[in-house]
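Chemist:
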Ligand SMILES: C[S@@+](CC[C@H](N)C(=O)[O-])C[C@H]1O[C@@H](n2cnc3c(N)ncnc32)[C@H](O)[C@@H]1O
Ligand code: SF4
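Numbering (my numbering), first residue to last: 75 to 433.
This is how it looks when you write it as structure tokens:
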């Protein structure tokens, strides 16, 4: 049976963070109820596809999936179990904000079959959190963080680098706290200033905030130091932004990077199944899926190159123009082994430019 991954978008948050441009709105019980009805109809509409597929991974992302009533999460999983075939060893992840790390919620996630949790910690530096407009209750986090490992063996944490006022000492402190919470996987993103977000507006108008931001060079140094600290904890960079202990890599995300099939459910979600791709409208509570399009051979090559170069396994050199690859090998941005090219640490620092040159 062919395999598939499923992503479910939960577009609700307590409050928008000033830096975030992911599709989400502030939580409202009425919108939520209608949204989950639509989601259930959408799942039913894929009955014939799912009947013939083995579901290998499921990922509840957002927004903040951990703030909605657990019954909704349970209903989605029950419906998928009824109409589809969930692999008995499927990886089922939920994104959870630090304030939702409470016993009752974690118990519920575990009881409905969720076996991996991804906590959006970002930073334990309250000053940095405040400067980027992110709510963070350090006291509550310190009190509750130890309960995560009581319920989950597979724990991931998101950390952000390049935050205003963030020093490497504080990043190390955040990592240390993540490790003590039992983490085996860390996603680490450089803060991107997204246009039209409140943080972007503040950044271009408030000179004092501008001075708080590390320079590009400092962020590169933070990232290199970050990688070294990760290795001391036995976690390795298996993708440009992701580090894991061997065996705890995110199977869901690996499926994206290896260009496997995935079905995205919910507003704004994107799907790729066989050679077709499509996305859903970003409207709430009702949304429709937009027109499907067939991927051309060239688009598939570009996708494989773009996605594969993000990973530490790299791609077959035959996917790209050989001369250009050789220049990047000579300059130390790519390494060649057994007919495969992969980004070196130097290459990962400028991955977007490398990908542009190769595709
Ligand atoms: C879509 S968010 C959802 C997770 C969860 N709601 C949270 O806030 O922790 C997934 C991750 O994207 C990252 N992220 C969001 N906005 C970002 C930005 N502007 N720059 C870099 N990373 C960002 C954060 O690390 C976040 O944990
Ligand atoms: S960062 Fe997370 S909690 Fe904040 S607005 Fe974005 S999705 Fe919501």
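The beta carbon of each residue, even a glycine, is placed where N, CA and C say it ideally should be.
How many whole angstroms separate the CB atoms of residue 334 and residue 354, which I take to be in contact at a CB cut-off of 8 Å?
Modeler: Your numbering for residue 334 matches position 260 in the chain shown. Your numbering for residue 354 matches position 280 in the chain shown. So it is not a contact: roughly 19 Å between Cβ atoms.
Chemist: Which residue comes first and which comes last in the beta strand (DSSP E) that contains residue 310?
Modeler: Along the chain shown, read from residue 1 onward, the residue named residue 310 stands at position 236. Element bounds for residue 310: 310-313.
Chemist: Ligand 1 and residue 371: does the residue's C-beta get closer than 6 Å to at least one heavy atom of that ligand?
Modeler: Working through the chain shown from its first residue, we reach residue 371 at position 297. The answer is no for residue 371.
Chemist: Quick one: is the Cβ of residue 364 within less than 6 Å of any heavy atom of ligand 1?
Modeler: Position 290 of the chain shown, counted from the first residue, corresponds to residue 364. No, the beta carbon of residue 364 sits no closer than 6 Å to any heavy atom of ligand 1.
Chemist: For residue 242 and residue 408, I'd like the C-alpha separation in whole angstroms.
Modeler: What you label residue 242 is simply residue 168 of the chain shown in a count that begins at 1. What you label residue 408 is simply residue 334 of the chain shown in a count that begins at 1. Roughly 27 Å separates the two Cα atoms.
Chemist: Would the beta-carbon of residue 133 fall within 7 Å of that of residue 81?
Modeler: Locating residue 133 in the chain shown gives position 59, counting from the first residue. Locating residue 81 in the chain shown gives position 7, counting from the first residue. Yes, the pair counts as a contact, with Cβ atoms nearer than the cut-off.
Chemist: Please go through the same chain and pick out, in chain order, the residues whose beta-carbon is closer than 8 Å to the beta-carbon of residue 88, but skip the five residues on each side of it.
Modeler: As a first step, residue 88 must be located in the chain shown, where it is residue number 14. 100, 101, 138, 141, 171, 173 and 209, listed in sequence order.
Chemist: Are the stretch 197-204 and the stretch 161-170 touching, with three or more C-beta to C-beta distances below 8 Å?
Modeler: Flag = no, the stretch 197-204 and the stretch 161-170 do not touch.
Chemist: Go through the stretch 117-162 residue by residue and report every complete run of the alpha helix (DSSP H) that reaches 4 residues or more, in order.
Modeler: Whole alpha helix (DSSP H) segments, 4+ residues: 121-125 and 144-157.
Chemist: Across the stretch 245-260 and the stretch 221-236, are there enough close Cβ pairs to call them in contact, namely three or more that are closer than 8 Å?
Modeler: Yes, since at least three Cβ pairs between the stretch 245-260 and the stretch 221-236 fall closer than 8 Å, the two stretches touch.
Chemist: My parser needs the beta strand (DSSP E) runs of 3 or more residues fully inside the stretch 326-366; what are they?
Modeler: The stretch 326-366 contains these whole beta strand (DSSP E) runs: 336-339, 344-347 and 350-353.
Chemist: Can you give me the start and stop residues for the beta strand (DSSP E) that residue 237 sits inside?
Modeler: Looking up residue 237 in the chain shown gives position 163. Unbroken run through residue 237: none, as it is neither H nor E.
Chemist: Which class does residue 77 belong to by DSSP, given the choice of helix, strand or coil?
Modeler: As a working note, residue 77 is residue 3 in the chain shown. Looking at residue 77 - three-state DSSP - the assignment turns out to be strand.
Chemist: Per DSSP, residue 166 forms a beta bridge with which residues?
Modeler: In the chain shown, residue 166 corresponds to position 92, counting from 1. In the DSSP output, where bridge partners are listed per residue, residue 166 has 132.
Chemist: Quick one: any contact between the stretch 256-273 and the stretch 314-324, if contact means 3 or more CB pairs under 8 Å?
Modeler: Result yes; three or more Cβ-Cβ pairs closer than 8 Å.
Chemist: Let me make sure I understand the geometry here. Which of 105, 330 and 357 has the alpha-carbon closest to that of residue 351?
Modeler: As a first step, residue 351 must be located in the chain shown, where it is residue number 277. Cα-wise, what sits closest to residue 351 is 330.
Chemist: Which same chain residues end up closer than 8 Å to residue 362 when comparing Cβ atoms and leaving out the 5 residues on each side of it in sequence?
Modeler: On the chain shown, residue 362 is found 288 positions in, with the first residue counted as 1. Within the same chain, residue 362 has close Cβ partners 354 and 355.
Chemist: Are the CB atoms of residue 79 and residue 131 within a distance shorter than 7 Å?
Modeler: The residue you call residue 131 lines up with position 57 of the chain shown. The residue you call residue 79 lines up with position 5 of the chain shown. Yes; because the gap between Cβ atoms is below 7 Å, this pair is in contact.
Chemist: Around the C-beta of residue 271, are 16 or more other C-beta atoms found within 10 angstroms, so that it is buried, or is it exposed?
Modeler: For the purposes of this step, residue 271 is taken as residue 197 along the chain shown, with counting starting at 1. Per the 10 Å Cβ criterion, buried.
Chemist: Given the structure, does residue 137 come close to ligand 2, in the sense that its CB is under 6 Å from one of the ligand's heavy atoms?
Modeler: Here the question's residue 137 lines up with position 63 in the chain shown. Because some heavy atom of ligand 2 lies under 6 Å away, the Cβ of residue 137 counts as near it: yes.
Chemist: With DSSP run on the structure shown, which of helix, strand or coil describes residue 195?
Modeler: Working through the chain shown from its first residue, we reach residue 195 at position 121. Here residue 195 sits in strand by DSSP.
Chemist: So the candidates are 425, 364, 280 and 106; which of them puts its Cα closest to the Cα of residue 379?
Modeler: Translated into positions along the chain shown, residue 379 becomes position 305. Nearest option by C-alpha distance: 425.
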